[in-house]
Amino acid sequence: STGAAKAIGLVVPSDNVKLDGFAFRVPVTDGSAVDLTVMLEKDVDVASVNALFKKAADGPMKGILEYNTMPLVSSDIVGNPHSSVFDSTRTMASGRMLKLVSWYDNEWGFSNRVGDLAVRLSKMI
Numbered sequence: 199s200t201g202a203a204k205a206i207g208l209v210v211p212s213d214n215v216k217l218d219g220f221a222f223r224v225p226v227t228d229g230s231a232v233d234l235t236v237m238l239e240k241d242v243d244v245a246s247v248n249a250l251f252k253k254a255a256d257g258p259m260k261g262i263l264e265y266n267t268m269p270l271v272s273s274d275i276v277g278n279p280h281s282s283v284f285d286s287t288r289t290m291a292s293g294r295m296l297k298l299v300s301w302y303d304n305e306w307g308f309s310n311r312v313g314d315l316a317v318r319l320s321k322m323i
């Protein structure tokens, strides 16, 4: 099981959002994927959602979020230092319903964030 759905619920800026989700393990040592389906307040389309993730990956989330345009398999993720590899080929939208898929190396991405934190803290000392 995963705490991913609960963690997303902590950062979604709305009290009236109903959220549930799951992560499924794939047949590699550390690769995982999150399949997230949400019902939004307004209609959305694939192009605009993917553009938002691309902008985040190139901007404030650079090095943490990777935007990917190629079909991925679980073995592609192992050793990837990003916390999330957004799979733009899997985005689906229908009216207010949105489905996203993001891949991650369960151990390596986390380890890289701990390293980032250590570097940041060392600059504060």
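Here the sequence shown stands for residues 199 to 323, where the numbers follow the numbering used here. Every residue gets a Cβ at the ideal spot worked out from N, C-alpha and C, and that includes glycine.
- A residue is called buried once 16 or more other Cβ atoms fall within 10 Å of its Cβ, and Ser286 is buried on that count.
- Judged by DSSP secondary structure, Leu250 falls within the alpha helix (DSSP H) whose first and last residues are Val244 to Asp256.
- Counting other Cβ atoms within 10 Å of its Cβ, Ser320 stays below 16 and is therefore classed as exposed.
- At the C-beta level, Val283 and Ala231 stay beyond 7 Å of one another.
- The residue among Ala254, Pro279, Leu315 and Asp233 with its C-alpha nearest the C-alpha of Gly307 is Pro279.
- Across the set Glu239, Lys240 and Glu264, the C-alpha of Glu264 shows the shortest separation from the C-alpha of Asn248.
- A direct Cα-Cα distance of roughly 47 Å separates Arg294 from Ile323.
- A straight-line Cα-Cα distance of about 15 Å links Ala316 and Ile262.
- Collapsing the DSSP output to three states places Leu270 in coil.
- Excluding the 5 residues flanking it on each side, Asp241 has same chain C-beta neighbours closer than 7 Å at Gly293 and Arg294, in chain order.
- If you draw a straight line from the Cα of Val312 to the Cα of Asp256, it comes to about 21 Å.
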